[in-house]
Amino acid sequence: MNDTTSRPTLPDRLSTDPRSSFHVPAVFEHDIGIRFNDKERFDVSEYCISEGWIKVPAGKTLDRKGNPMLIKLKGKVEAFYK
1 MNDTTSRPTL PDRLSTDPRS SFHVPAVFEH DIGIRFNDKE RFDVSEYCIS
51 EGWIKVPAGK TLDRKGNPML IKLKGKVEAF YK
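According to full-length UniProt numbering, the sequence shown is numbered sequentially starting from 1.
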């Protein structure tokens, strides 16, 4: 079941928004996890490993297009397959 050869490599920057240029659909076919400052986060919308940041929703607030407002948190970012 854990066939790691069929999994694509995790990119340096990834977004869950399909309209983003950093959205890679092949990666989302598998379960991925994000560890931020040595703690696993489940609410990450976008990340960049080399720059060391993640974007997470800021509560229940929405922008004028109805998308969640995102805040950028800086720290140590690790992405992995579950």
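Even for Gly, the Cβ is constructed at its ideal location relative to N, Cα and C. Note that this is a predicted model, so its numbers are computed, not measured.
Given a cut-off of 8 Å on the beta-carbon distance, is the pair residue i and residue j in contact?
| i | j | result |
| --- | --- | --- |
| Lys55 | Lys72 | yes |
| His23 | Asp31 | no |
| Ala79 | Leu10 | yes |
| Ser15 | Ser50 | no |
| Phe36 | Val77 | yes |
| Gly75 | Gly52 | yes |
| Arg19 | Tyr81 | no |
Secondary structure at residue i, three-state DSSP: helix, strand or coil?
| i | result |
| --- | --- |
| Ser15 | strand |
For residue i, list the residues DSSP reports as bridge partners.
| i | result |
| --- | --- |
| Gly33 | Phe80 |
| Lys74 | Trp53 |
| Arg41 | Ile34 |
| Pro68 | Leu62 |
Hey, is residue i's beta-carbon within less than 8 Å of any beta-carbon in chain B?
| i | result |
| --- | --- |
| Glu78 | Protein chain content of the structure displayed is limited to a single chain, and chain B is not contained in it. |
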